[in-house]
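Residue numbers (the numbering used here): 3 to 49.
Note that the Cβ used here is the ideal one computed from N, Cα and C, for glycine as well.
So, in C-alpha cells, the structure goes:
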C-alpha cells in the first residue's frame, strides 16, 4: 500500500469512519476511496 493511501486509511480508522462514510463526508465516490487506500491512486490537490 502506498504511503498516502496508508495514511488516509489510518486517519479514517482513527476517526471511526467506514470508507463509505468518508466518501460521503468528502463528497467523492466510495470506489475512489478504495483506489486511494489500496491501489496507489493519488488524489488530486482539490480533494
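| Asked | Found |
| --- | --- |
| Using three-state DSSP, classify residue 52 as helix, strand or coil. | The structure shown does not extend to residue 52, since the chain is modelled only from 3 through 49, so no value can be given for it. |
| Pop quiz: residue 16 and residue 35 are said to be a contact at Cβ under 8 Å. What is the actual Cβ separation, rounded to whole angstroms? | So it is not a contact: roughly 15 Å between Cβ atoms. |
| Can you name, in chain order, every residue of its own chain whose Cβ lies under 6 Å from the Cβ of residue 9, other than the five neighbours on each side? | none |
| For residue 37 versus residue 43, is the C-beta spacing smaller than 9 Å? | yes |
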